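Count the sequence shown with numbering that gives the first Met the number 0 and you get residues 0 to 83, in order.
Ideal Cβ placement from N, Cα and C applies to all residues, glycine included.
If you're wondering where the values come from, they're calculated on a predicted model, not measured in any experiment.
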Amino acid sequence: MVFERKILRKIFGTTYENGPWRIKTNQELDKLIKHRDIINFARVQRLGWYGHCKNARNKNGQSNTRLETHFKEANGENKDVLGG
């Protein structure tokens, strides 16, 4: 649980309220993630980022097949895509 809070503090950053910058409290973090499970929240965010990257185009307007290959290999699917 400590590690997850540390990651959330990194994601949401610091707060400035009438004085010096400070880290967010556990209650503020809970409010930001709407009291959802931290692990599931991180998974949803990661899937959202994957969707964003998957739909992104490179400079030439082509789809990002290298990203798709990376995720397939990470999931154990289609190992021979890169000829290996």
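Quick one: is residue i buried, meaning 16 or more other Cβ sit within 10 Å of its Cβ, or exposed?
i: Leu46; result: exposed
i: Lys9; result: exposed
Keeping to the same chain, check which residues put their C-beta closer than 8 Å to that of residue i; ignore five residues upstream and five downstream.
i: Ile32; result: Leu7, Phe40
i: Thr13; result: Trp20, Arg21, Ile22, Lys23
If I'm right that residue i touches residue j with Cβ under 8 Å, what's the distance once you round it to whole angstroms?
i: Asn25; j: Arg4; result: 7 Å
Just to confirm my understanding: we take residue i, look at its own chain, exclude 5 residues before and 5 after, and list those with CB closer than 7 Å. What are they?
i: Ile37; result: Glu3, Leu7
CB-CB under 6 Å to residue i, same chain, minus the five flanking residues each way: which ones, in chain order?
i: Leu28; result: Leu7
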